[in-house]
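Since the structure comes first, as structure tokens, the remarks are kept for the end.
Numbering (my numbering), first residue to last: 44 to 214.
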């Protein structure tokens, strides 16, 4: 895999493992990971761990990235309210780039309007939201439907990260 740039979305109350594990796993593969949020600056995880968003979603373009990772926690409830975040996710999806969401990250997918007719998984708490948005829910550790990669919970991170790396290599 050559140099590949991937956006990792954050907001306050992000799920720690669901940000840091993919971020470091992709760096291990030689990817450049860019932390993106509704605004540049510092955000805190559910457990208070800070992360600095280097770029605001309104300042980036889908053409800059091979994909995006949408972690869970409560951050997706904030992320899905930002029009620039939704535009970035939608634009990446329309270009066939990797769009990967875990846990509550599915909320962003639904708000971006990209789950209708797609197979996916998510944390059980938002299963009904995904189904009502038109998705076909599958209860397994990781589901890949074309360029869309989803997982349920932190324990699913190994399968989630393996599939993201595989999809980026195929691109």
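Each residue gets a CB set at the ideal place from its N, CA and C atoms; glycine is no exception.
Check the C-beta distance from residue i over to residue j and give it rounded, since I have them as a contact under 8 Å.
i	j	result
residue 48	residue 107	6 Å
residue 99	residue 82	5 Å
residue 109	residue 79	Not a contact, Cβ separation roughly 14 Å.
Classify residue i: buried if its beta carbon has 16 or more other beta carbons within 10 angstroms, exposed otherwise.
i	result
residue 93	exposed
residue 147	buried
residue 115	buried
residue 90	exposed
residue 175	exposed
residue 125	buried
Identify whether residue i lies in helix, strand or coil by the three-state DSSP scheme.
i	result
residue 178	coil
residue 187	strand
residue 219	Since the first residue shown for the chain is 44 and the last is 214, residue 219 is missing from the structure and cannot be characterised.
residue 212	helix
residue 202	helix
residue 194	strand
residue 161	coil
residue 155	coil
residue 166	coil
residue 140	coil
Within the same chain, show all residues whose beta-carbon is closer than 6 Å to that of residue i, passing over the 5 residues directly before and after it, in chain order.
i	result
residue 187	206
residue 95	85
residue 65	112 and 204
residue 127	100 and 101
For residue i, I'd like the list of residues in its chain whose CB is within less than 8 Å of its CB, leaving aside the five on either flank, ordered along the chain.
i	result
residue 61	114, 115, 116, 145, 146, 148, 197 and 200
residue 70	76
residue 181	162, 163 and 164
Near residue i, what residues of its chain come up, given a Cβ to Cβ distance below 7 Å and the 5 sequence neighbours on each side ignored?
i	result
residue 55	86, 87, 118 and 121
residue 160	177
residue 153	172, 173 and 176
Whole runs of the alpha helix (DSSP H) within the stretch 71 to 137, excluding any shorter than 4 residues: Complete alpha helix (DSSP H) runs here, min 4: 118 to 122 and 126 to 137.
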